[in-house]
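First residue of the sequence shown: 1, per UniProt numbering; consecutive thereafter. Quick reminder that beta carbons are idealized off the backbone N, C-alpha and C, glycines included. Let me begin by presenting the structure, written as structure tokens, before commenting on it.
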Amino acid sequence: MNFERQRDTLRTPQNTSTLRCQWQTEKSTLRRHYRCQKSKEVYSSEYEKFINWMTENCVEHISETVLLGYFSDLSENFSPSSLWFKYSMVKKTLMVNKNINIANYHKLIEYLKQGSKGYQPKKSKTLFRENVLKFIHEAPNETFLMKKVALIFGIFGGCRRQELVNMLITHVEDRESVFVVSVPETKTDKKRIFTIIEEDEMNSLKLIRDYMSLRPHKVDVLYIQPVGKNTFGKIPSIIAKYLGLSDPDKYTGHCMRRTSATLLAEAGASMTTLKRHGGWKSTSVAEGYLEDSISSKNKVSRMLADKILIAVDNNDSLSSRNTYEVSRVSGERVLYCTYYLAYY
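This is the structure in structure tokens:
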């Protein structure tokens with residue numbers, strides 16, 4: 001009897017909620033530890049590759065000339081953006097293991113900068129507003145409901161694939177007219193919160209509620225079926241194929257995040273708003289979306305067109321005034337000549 005009473009006490013909603021929160025915290029800590037461990041392995045692997053290259057080329061001492069040779073060899077197989085990533089890893093590992101600071105190797109940095117000139121990195125294609133609405137309205141929920149929900153979260157939150165994978169039911173709060181979503185385990189370890197509001201165009205809240213109603217009880221993950229990073233990465237391509245868009249394979253896993261930023265830039269968002277939405281620390285990424293924004297280009301075009309029209313109107317007005325002056329003077333001369341002849 002005492003055991004049953006104790007068991008019932010442990011099963012109170014408050015205790016269950018507390019235990020669940022503790023478990024979520026432990027899982028979050030484990031994920032963070034795993035991510036740090038994984039990064040450490042990647043950095044160590046890059047350092048070992050550099051040391052092996054030195055051994056193969058009979059190099060004993062590390063210098064700027066040696067690193068120039070190493071990155072020159074790498075440039076034959078890697079893009080400039082990859083070279084910069086490798087440079088960052090080599091720089092940190094050399095500082096830790098050899099106490100060598102290659103940040104002062106200006107010739108090496110200049111070499112990497114020269115290689116980056118004119119380089120255009122491959123970017124995922126983005127979905128237009130019409131594409132998103134057509135998919136939401138026309139695709140059957142029996143087949144595409146999960147993909148619709150993933151698209152809604154990806155666009156409203158500017159989410160990365162891994163952030164969608166890590167999302168749990170506890171990260172989503174239903175407040176009737178709005179969903180408040182906390183983005184878990186961001187790449188930059190910067191907490192982000194976004195909302196999904198009630199609107200008639202996409203009817204997002206109804207789609208999310210329909211999907212969540214299908215979830216089994218006592219399951220914390222947001223998505224019903226097992227969905228990993230690769231599955232989320234294929235969703236934009238599947239959407240593009242359904243819509244009959246060209247080059248569907250170019251709609252990669254980064255598509256939803258890029259679409260989110262592009263639509264926000266098209267709406268006239270400021271640099272600060274874009275950075276806050278995407279969780280970017282650097283302005284360079286946000287600047288790229290503003291530069292590519294058709295809306296911002298249309299504003300510039302409108303300003304130039306208005307300036308040209310104003311100049312044309314001013315010229316027309318000046319021309320009309322000059323014509324009137326000439327006509328008036330000519331008329332006075334004719335009247336004077338007529339009067340003069342009549343007098344004599």
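For L168, does the three-state DSSP call read helix, strand or coil? By one-based count along the sequence shown, residue 168 stands at place 168. If DSSP states are grouped into helix, strand and coil, L168 belongs with the strands.
In three-state DSSP terms, what is I294? Start at 1 with the first residue of the sequence shown, and residue 294 comes out as number 294. Residue state for I294 is assigned as helix, using DSSP reduced to three classes.
Under DSSP, the beta strand (DSSP E) around S182 begins and ends at which residues? Taking the sequence shown and counting its residues from 1, the one referred to as residue 182 is at position 182. Here the beta strand (DSSP E) through S182 covers 178 to 183.
DSSP three-state call for R160: helix, strand or coil? In the sequence shown, counting from the first residue as 1, residue 160 sits at position 160. Coil, per DSSP.
Are G115 and L74 closer than 8 angstroms when you measure CB to CB? Here residue 115 is taken as the residue at index 115 of the sequence shown, counted from 1. Here residue 74 is taken as the residue at index 74 of the sequence shown, counted from 1. No, the pair does not count as a contact, with Cβ atoms beyond the cut-off.
Which one of G157, T195, M167, E201 has the shortest CA to CA distance from T259? Sequence index remark: in the sequence shown, residue 259 carries index 259 (1-based). For T259, the closest of G157, T195, M167, E201 by C-alpha to C-alpha distance is G157.
When M212, K40, H277 are compared against L168, the one with the closest alpha-carbon: Numbered from 1 along the sequence shown, position 168 holds the residue referred to as residue 168. Nearest of M212, K40, H277 to L168, Cα basis: M212.
Please report how far the alpha carbon of K147 lies from the alpha carbon of K134, in whole angstroms. As a position in the sequence shown, residue 147 is number 147, starting the count at 1. As a position in the sequence shown, residue 134 is number 134, starting the count at 1. Each residue's Cα considered, the two are about 14 angstroms apart.
Using a threshold of 8 angstroms, state whether the C-beta atoms of Y70 and F85 are closer than that. By 1-based counting over the sequence shown, the position of residue 70 is 70. By 1-based counting over the sequence shown, the position of residue 85 is 85. Contact annotation: Y70 and F85 have beta-carbon atoms that are not nearer than 8 angstroms.
What separation, rounded to the nearest whole angstrom, lies between the Cα atoms of M271 and S282? For the purposes of this step, residue 271 is taken as residue 271 along the sequence shown, with counting starting at 1. For the purposes of this step, residue 282 is taken as residue 282 along the sequence shown, with counting starting at 1. Taking the CA atoms as reference points, M271 sits about 11 angstroms from S282.
For residue 345, name the three-state secondary structure that DSSP assigns. The requested residue 345 is not part of the displayed model; the chain covers only 1 to 344.
CA-CA distance, S296 and G268? Numbered from 1 along the sequence shown, position 296 holds the residue referred to as residue 296. Numbered from 1 along the sequence shown, position 268 holds the residue referred to as residue 268. S296 and G268 have their C-alpha atoms roughly 7 angstroms apart.
So, at 8 angstroms on beta carbons, what are the nonlocal neighbours of L243 in its own chain, with the 5 sequence-adjacent residues on each side left out? Your numbering for residue 243 matches position 243 in the sequence shown. These residues qualify, in order along the chain: N131, K134, F135.
So what's K192 in DSSP terms, helix, strand or just coil? The sequence position of residue 192 within the sequence shown is 192, counting from 1. Rather than Lys, the amino acid found at residue 192 in this sequence is Arg. Three-state DSSP puts R192 in a strand.
If contact is defined by three or more beta carbon pairs under 8 angstroms, each pair taking one atom from either stretch, is the region 40 to 55 in contact with the region 89 to 97? Yes, the region 89 to 97 touches the region 40 to 55.
Take the Cβ of E4 as the centre, count every other Cβ of all protein chains shown within 10 Å, and call the residue buried at 16 or more, exposed below. To locate residue 4, count along the sequence shown from 1; it is residue 4. In this prediction, E4 scores a pLDDT of 45, lower than 50, which makes its location untrustworthy; no coordinate-derived value is stated.
Whole-number beta carbon distance between V149 and I208, since they are thought to touch under 8 angstroms: Within the sequence shown, the letter at position 208 stands for residue 208. Within the sequence shown, the letter at position 149 stands for residue 149. Rounded to whole angstroms, the Cβ separation of I208 and V149 is 6 angstroms, and the two are in contact under 8 angstroms.
With DSSP collapsed to three states, give me the class of E266. Mapped onto the sequence shown, residue 266 falls at position 266. Of the three classes helix, strand and coil, the one that applies to E266 here is helix, per DSSP.
Could you give the residue range of the alpha helix (DSSP H) that holds residue 345? Given a span of 1 to 344 for the chain in the structure shown, any question on residue 345 remains unanswerable.
For E56, the three-state DSSP class (helix, strand or coil): Residue numbering aside, residue 56 sits at position 56 when the sequence shown is read from its first letter. E56 falls in the helix class under three-state DSSP.
What span of residues does the alpha helix (DSSP H) with N97 cover, start to end? Locating residue 97 in the sequence shown gives position 97, where the first residue counts as 1. Unbroken alpha helix (DSSP H) run through N97: 80 to 97.
Might you give, ordered along the chain, the residues of its own chain that have their beta carbon closer than 6 angstroms to the beta carbon of G154, omitting 5 neighbours on each side? For this step, residue 154 is matched to residue 154 along the sequence shown. So the qualifying residues of the chain are M256.
Quick one: grab the DSSP three-state call for D210. Looking up residue 210 in the sequence shown gives position 210. Assigned with DSSP and collapsed to three states, D210 falls in helix.
In the DSSP assignment, what residue or residues form a beta bridge with E76? Counting from 1 along the sequence shown, the entry for residue 76 is found at position 76. Beta bridge pairing from DSSP links E76 with no other residue.
K107 versus M89 - alpha carbon distance: The residue you call residue 107 lines up with position 107 of the sequence shown. The residue you call residue 89 lines up with position 89 of the sequence shown. Distance between the alpha carbons of K107 and M89: 18 angstroms.
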